[in-house]
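Those protein sequences? They're chains A and B, same order as listed. Counting from 538, one number per residue, gives the positions in the first sequence under this note's numbering. Counting from 276, one number per residue, gives the positions in the second sequence under this note's numbering. To start, the structure itself, in structure tokens.
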Amino acid sequence: MGLDVNWAVKWLTLSAQAMAEHRVWLIELDRAIGDSDHGENMDRGFQAVLDKLAENPPETPGAALKLTAMALMSKVGGAAGPLYGTAFLRAGTALGDAAYVDAAALAAALGAARDGIVARGKAESGDKTMVDAWTPAVEAAAAAAADGDTLAVLIAAAEAAEAGAVATDPLVARKGRASYLGERSAGHRDPGAASSALILRAAAGAAA
Amino acid sequence: MTVRIVVVSHSEKIADGAVELAAQMAPDVMMVPAGGTSDGRIGTSLEKVMSALELAAGGDGVVVLTDLGSAVMTAESALEFAEGSATVLLADAPIVEGLVAAAVAAQGGASVHAVKRAAEATHGYPASRPKDEQHVPPAAHVAAGSGLHPAGAARAGTPQTGTAQPGVPPAAPVPDVSGDFELVNLAGMHARPAAKIAGGLAALDAEVTVNGVDGASMTGLMTLGAGKGSVLHVEASGPDAERAVAYVAGLVKAGFGEP
Chain A
538 MGLDVNWAVK WLTLSAQAMA EHRVWLIELD RAIGDSDHGE NMDRGFQAVL DKLAENPPET
598 PGAALKLTAM ALMSKVGGAA GPLYGTAFLR AGTALGDAAY VDAAALAAAL GAARDGIVAR
658 GKAESGDKTM VDAWTPAVEA AAAAAADGDT LAVLIAAAEA AEAGAVATDP LVARKGRASY
718 LGERSAGHRD PGAASSALIL RAAAGAAA
Chain B
276 MTVRIVVVSH SEKIADGAVE LAAQMAPDVM MVPAGGTSDG RIGTSLEKVM SALELAAGGD
336 GVVVLTDLGS AVMTAESALE FAEGSATVLL ADAPIVEGLV AAAVAAQGGA SVHAVKRAAE
396 ATHGYPASRP KDEQHVPPAA HVAAGSGLHP AGAARAGTPQ TGTAQPGVPP AAPVPDVSGD
456 FELVNLAGMH ARPAAKIAGG LAALDAEVTV NGVDGASMTG LMTLGAGKGS VLHVEASGPD
516 AERAVAYVAG LVKAGFGEP
């Protein structure tokens, strides 16, 4: 056993709710150091995900994540589209056709998602990007996976991502639009790290 | 059959306009614009890029030109999604200059790799050209005269480097073929002639310089600022060297088809 397609659909649904609820907060974070469209883009992107899930109900968790990738890449518009799109695509590919996801597969899929973001965006840890939420999350998930409990993996990932997002506050951005601001980017949370933490918290919420 | 081109821009108008412009110089090349999001906003759309790639499939390969950062990411993502078998290459080039150079190269029958190279050569001189063409001594370019000079013919001396002393093997590479051609058209070397020269040369297997700049670089050629009456000194090496020099000669003598 493990997590099934219902978990995946619930994860994406909770993610869409989180984006809608935090839309204004993400816009404000992005206004400080970016171009203030992150909240709007993510909200629109995840609404498109919900539409796709309704039109074309997936049969496996992997299929749900690939469908999400396509919707986000088509509808988000900004850099977050291809970054999250690649993350969900790589995670979906890692899960393959399996009907159930166990703790090890889950940790591996999160790692594949993070690797996709790094490959696409060329950012490293400490650049004040979503990588700063994903890398601690992947490490925490891998450590938690040893016990074989999927919920524990997802909670560990969500907590680490949240801490990682908070830890972007003092950083000076080296990638993305915020890097144009140089030192002035310090003192603000990275919007991509913030939305990543919301998405990973939704994954845990869906498994609870 | 030619190489086809997909243009990915944040703006639908930029993608459409760049294609419209390049089509003037390469009427037979299929160019597919993929600009803006699917709901007409500024941004890039995976769906649009993927359908453009599908439209462009079936030729001799596809070269993709992009504008700002996330357009590159969207194009890369589209390739990752498509997992297609046809050769699709992303060119790292300025979208307008790169597209025009790529389109002209494709029009001339260049391979997909040559079309990509033609686009990337517009980054400015020196472009990332391979190997030994960098070391041609500048003084060699002042050679006067006209017509084709086969390899080994007398050239203007460059005493400080000694490369052209009779009987002494040159330290720097001597071109296989060279020639000097006077521009006869009124407007001289402007965008369209530069595109024709660069595009045609990109399709040939030869390393070519024109007055010291990369002959396959449209922007390089335009920086020459060569007006009517200027002489183009062409040096070419490689299997197609003779064809390359003859190609430039033909274009120049015909005034690029202009008054």
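By construction, the Cβ of each residue, glycine as well, lies at the ideal position given by its N, Cα and C atoms.
{"Asked": "Min CB distance G629/A to chain B below 8 Å", "Found": "no"}
{"Asked": "Neighbour list for T349/B in chain A, Cβ cutoff strictly below 8 Å", "Found": "M610, G618 and P619"}
{"Asked": "Anticipated Cβ contact below 8 Å, I570/A with A670/A, distance rounded", "Found": "With a Cβ gap of about 15 Å, I570/A and A670/A do not count as contacting."}
{"Asked": "Through-space distance from A600/A to D634/A, alpha-carbon basis", "Found": "7 Å"}
{"Asked": "Cut-off 7 Å between Cβ atoms - residues of its own chain near A745/A, not counting five sequence neighbours on either side", "Found": "L688"}
{"Asked": "Local conformation of R279/B per DSSP, three classes", "Found": "strand"}
{"Asked": "Within chain B, the residues that T623/A reaches when beta carbons sit closer than 9 Å", "Found": "M348, E351, S352 and E355"}
{"Asked": "D455/B in three-state terms, based on DSSP", "Found": "strand"}
{"Asked": "Terminal residues of the beta strand (DSSP E) in which A366/B lies", "Found": "V363 to A366"}
{"Asked": "Member of A649/A, I564/A, Y621/A and A628/A whose CA lies at the smallest distance from the CA of H725/A", "Found": "I564/A"}
{"Asked": "Sequence ranges, alpha helix (DSSP H) only - wholly within the stretch 686 to 738 of chain A, length at least 4", "Found": "687 to 703"}
{"Asked": "Through-space distance from L643/A to T623/A, alpha-carbon basis", "Found": "17 Å"}
{"Asked": "Where S320/B meets chain D, residues with beta-carbon distance less than 7 Å", "Found": "Among the protein chains in the structure shown, which are A and B, there is no chain D."}
{"Asked": "Beta carbon proximity, A677/A to chain B, threshold 8 Å", "Found": "no"}
{"Asked": "Alpha-carbon to alpha-carbon, H559/A and A731/A", "Found": "10 Å"}
{"Asked": "Short CB-CB distance (under 8 Å) between G615/A and chain B", "Found": "yes"}
{"Asked": "Three-way DSSP call (helix, strand, coil) for M667/A in this model", "Found": "coil"}
{"Asked": "Spatial distance of V379/B from A394/B (CA atoms)", "Found": "10 Å"}
{"Asked": "Given 8 Å, three or more beta-carbon pairs between the stretch 675 to 683 of chain A and the stretch 716 to 723 of chain A", "Found": "no"}
{"Asked": "Whether A606/A touches F583/A by CB criterion (8 Å)", "Found": "no"}
{"Asked": "Beta-carbon separation (whole angstroms), T319/B vs V283/B, contact threshold 8 Å", "Found": "6 Å"}
{"Asked": "Endpoints, alpha helix (DSSP H) assigned at S512/B", "Found": "First-last for S512/B: V506 to S512, but that is the beta strand (DSSP E), not the alpha helix (DSSP H)."}
{"Asked": "Beta carbon proximity, M579/A to chain B, threshold 8 Å", "Found": "no"}
{"Asked": "Proximity below 8 Å, CB of V638/A to CB of L540/A", "Found": "yes"}
{"Asked": "Distance CB(A462/B)-CB(E533/B) smaller than 8 Å", "Found": "yes"}
{"Asked": "Beta carbon of V387/B nearer than 8 Å to that of M300/B", "Found": "no"}
{"Asked": "Reference D314/B; option with closest CA among V613/A, V703/A and G685/A", "Found": "V613/A"}
{"Asked": "Rounded separation between A646/A and A694/A - CA only", "Found": "12 Å"}
{"Asked": "Spatial neighbours of D515/B in its chain, beta-carbon cut-off 8 Å, leaving aside the 5 residues before and after", "Found": "L479, D480 and A481"}
{"Asked": "8 Å Cβ cutoff met for V307/B and L340/B", "Found": "no"}
{"Asked": "Where R279/B meets chain A, residues with beta-carbon distance less than 7 Å", "Found": "Within chain A, no residue comes near R279/B; the closest Cβ sits about 22 Å away, beyond 7 Å."}
{"Asked": "Chain-order list of residues whose beta-carbon lies under 7 Å from that of G573/A (same chain, five-residue window excluded)", "Found": "In the sequence on display, residue 573/A carries Ser and not Gly. Contacts found: I564 and D567."}
{"Asked": "Straight-line gap, A491/B to T705/A (C-alpha atoms, nearest Å)", "Found": "46 Å"}
{"Asked": "Pick from S453/B, A377/B and H465/B that is closest to A521/B, judged by C-alpha positions", "Found": "S453/B"}
{"Asked": "Chain B contact residues for R711/A, given Cβ-Cβ distances below 9 Å", "Found": "Under the 9 Å cutoff, chain B gives no residues; its nearest Cβ is about 14 Å from R711/A."}
{"Asked": "Uninterrupted alpha helix (DSSP H) stretches inside the stretch 292 to 334 of chain B (no shorter than 4 residues)", "Found": "321 to 331"}
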